[in-house]
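One structure is given below, encoded as structure tokens.
2 protein chains.
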Amino acid sequence: MKASQTARERARAELTSEITRTARRHLATEGAAGLSLRAVARDLGMASSAVYRYFPSKDELLTTLIIDSYNALGRAVEEADAARDTSDFPGRWRASCHAVRDWALAHPHEYALLFGSPVPDYRAPRDTVGPASRSTAVLARIVVEAHRAGALRAAERPHPDAGPLKLSPTVRELFCDSPEEVVARALSAWTSLYGWIGFEVFGQLDGVLEGRESAFSRHVAYLADVLF
Amino acid sequence: MKASQTARERARAELTSEITRTARRHLATEGAAGLSLRAVARDLGMASSAVYRYFPSKDELLTTLIIDSYNALGRAVEEADAARDTSDFPGRWRASCHAVRDWALAHPHEYALLFGSPVPDYRAPRDTVGPASRSTAVLARIVVEAHRAGALRAAERPHPDAGPLKLSPTVRELFCDSPEEVVARALSAWTSLYGWIGFEVFGQLDGVLEGRESAFSRHVAYLADVLF
DNA sequence: CCATGTCAAGAGCACTGCTCTCGGTTGTGA
DNA sequence: TCACAACCGAGAGCAGTGCTCTTGACATGG
């Protein structure tokens, strides 16, 4: 019952992963907009219609690519964070930020797929939210643990003209019992991180400055100053 | 010689602007990827091939749309800045930041065209760099003038582990004789501003928090703290 | 008044996502 | 063992895209 079904299903799983693999290769070279089901099928030596046996639509294929990319980014950040001493919160912060940037620069098209202009007529299904929050969860954890260890100055300097934050339950859970000021500063730093990286990946910094590595380090240090 | 040619040329100019107008409408509703020359021609009741008399390629049409969008954003920011008292540097900063955000939220597809994932196989011609820097120039001017007026604390707190910035001549000119620390902090704030706005426009903040207006104000205030 | 240059339109090419049908294979329950 | 059902690949086809080339109509200027 197992091996018998496996004959077919193994071939199916094989071909499915083969499709995603070549699709990922196309995505990395041509970009999301240039990803063509027909081209993928052509590379695999099969009819374009056959691909639809494995992915009911291009969006479905895109979804698995998105999930894979989120996981790849998440893993990279998790590893960078884990490589540092647990109590070295600024070091963990810097390492995680650089991990995001390194991954983004190494996989610009995947980064564009995750954080760039949304693909038209594509609605991200529920399956993506888990992997999507993986890298962000690392950054949030660093902030929360730093706050618990008393290594965070953020909470001590609440901003005067600050209205209350209306956070979603998910985010509130991510930050546990951290005070609002901490969450607000973390949100600010989070978006700022991706602002720089996005500009760098999308070429907005192209004619602006060289030596981006050290300039980015400075940026991350400023963000850390807001937090730690 | 003038009026005679004008008969033809006026018709040509008329149709050209008519094309860009409907193209801009399509862009605003469908997005850059959904912009179709054939659809524009259909809306105008003419053959698709006729459009190519006015724009040699889709990229060319896209370029004028990009320039228009950059100018619209630039004008919005310039007006917001001009509406404030010249010496109220934090106020000008806040107003300009909010102007960028307001324009972006009002024109999400145009924003995506300017700051989102680059359009595949599209290379921005030189004509775009002028309008592109317009909105950024406003922010830079605020920082420079604040520094000259001695209203900038940024220069007083240079960052310890900071390598030298290798700026392009254009940017160096934009910031005149401002010290490196000021430029670095301005760069950081600039990217952070667009990081938040990009996340908001592209839906990254969708399930994260409500009351974005006040949360954004807080973000801008943090950025101001880094600068002023 | 006629040659010249401009223009819109149509056909056509190569490409896309996607659907449907037609055989062929494979797996399974009777 | 055999038949039936499920699955699978290939091909044709539809509607759409950007873009090119040719054709015929029109206005303009010498």
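For the record, the sequence lines run as chains A and B. Residue numbering for the first sequence is 24 to 251, as defined by our numbering. Residue numbering for the second sequence is 24 to 251, as defined by our numbering. A virtual CB, placed ideally from N, CA and C, is assigned to each residue, including glycine.
Beta-carbon proximity list for K25/A, same chain, < 6 Å, skipping 5 on both sides: For K25/A, the predicted structure reports a pLDDT of 40, less than 50, and the residue's modelled location is therefore unreliable. A value from the coordinates is still provided. Within the same chain, K25/A has no close Cβ partners at all.
8 Å Cβ shell around T43/B - same chain, five flanking residues per side excluded: L84, T87, L88, D91
Inter-residue Cα distance where the pair is A172/B and F112/B: 10 Å
is_contact[W126/B, chain A] using C-beta, thresh 8 Å: no
Delimiting residues of the alpha helix (DSSP H) encompassing D125/A: 112-129
Secondary structure of L60/A, DSSP reduced to three states: helix
Residue-level contact to chain B via CB, L38/A, 8 Å cutoff: no
Within chain B, partners of K81/A - CB distance below 8 Å: Under the 8 Å cutoff, chain B gives no residues; its nearest Cβ is about 13 Å from K81/A.
Outcome for C120/B when other beta-carbon atoms lying within 10 angstroms are tallied against a minimum of 16: buried
Cβ distance (whole Å) where S158/B is taken to contact G186/A below 8 Å: Actually they are not in contact, since the Cβ atoms of S158/B and G186/A sit about 26 Å apart, beyond 8 Å.
Residue burial classification, D229/B (beta-carbon count within 10 angstroms, cutoff 16): exposed
For L188/A, the three-state DSSP class (helix, strand or coil): coil
Burial state of T52/B, where buried means 16 or more other Cβ atoms lie within 10 Å: exposed
Test: L188/B CB closer than 8 Å to a CB of chain A: yes
Buried versus exposed, by CB contacts within 10 Å (16 or more), T193/A: exposed
Cross-chain neighbours of E233/A in chain B, by beta carbon under 7 Å: K189
7 Å Cβ shell around A36/B - same chain, five flanking residues per side excluded: none
Cutoff 8 Å: P143/B Cβ touching any chain A Cβ: yes
Partner residues on chain B for R176/A, Cβ-Cβ distance less than 9 Å: Those do not exist, as R176/A stays about 13 Å from chain B at its closest Cβ, beyond 9 Å.
Beta-carbon neighbours of S140/B, restricted to chain A and to distances below 7 Å: A135, G139, S140, F225
Length of the line joining the Cα atoms of K189/B and G234/A: 6 Å
CA nearest to the CA of D150/A, picked from G54/A, G226/A, Y93/A, E196/A: Y93/A
Euclidean distance between Cα positions of A105/B and H170/B: 18 Å
Span of the alpha helix (DSSP H), counted from its first residue to its last, around P154/B: 152-171
Bounding residues of the alpha helix (DSSP H) (the contiguous stretch that carries H242/B): 235-250
Chain B contact residues for F222/A, given Cβ-Cβ distances below 7 Å: T214, Y217
Interface flag, K25/B vs chain A, CB-CB below 8 Å: Caution is warranted here: a pLDDT of 39 is assigned to K25/B, below 50, making its placement in the model unreliable, and the coordinate value is therefore given only provisionally. With 8 Å as the cut-off, K25/B does not count as an interface residue toward chain A.
Members of the stretch 109-125 of chain A that neighbour chain B once the beta carbon cut-off is set at 7 Å: none
Closer than 9 Å at the beta carbon, the chain A residues around T193/B: G230, V231
For L50/B: DSSP bridge partner residues: Note: L50/B sits in no beta bridge, so no partner.
L216/A vs E133/A beta-carbon contact at 8 Å: no
Three-state class that DSSP yields for L232/A in the structure shown: strand
Neighbour flag for V107/A against chain B, beta carbons, 8 Å: Val is not the amino acid found at residue 107/A; the sequence shown has Arg there. No, because no Cβ of chain B sits closer than 8 Å to the Cβ of R107/A.
Residue closest to G218/A, alpha-carbon to alpha-carbon, out of G139/B, D66/B, R195/B, R61/B: G139/B
Residues of its chain near R208/A, where Cβ-Cβ distance is below 6 Å and the 5 sequence neighbours each way are ignored: A177, V249, L250
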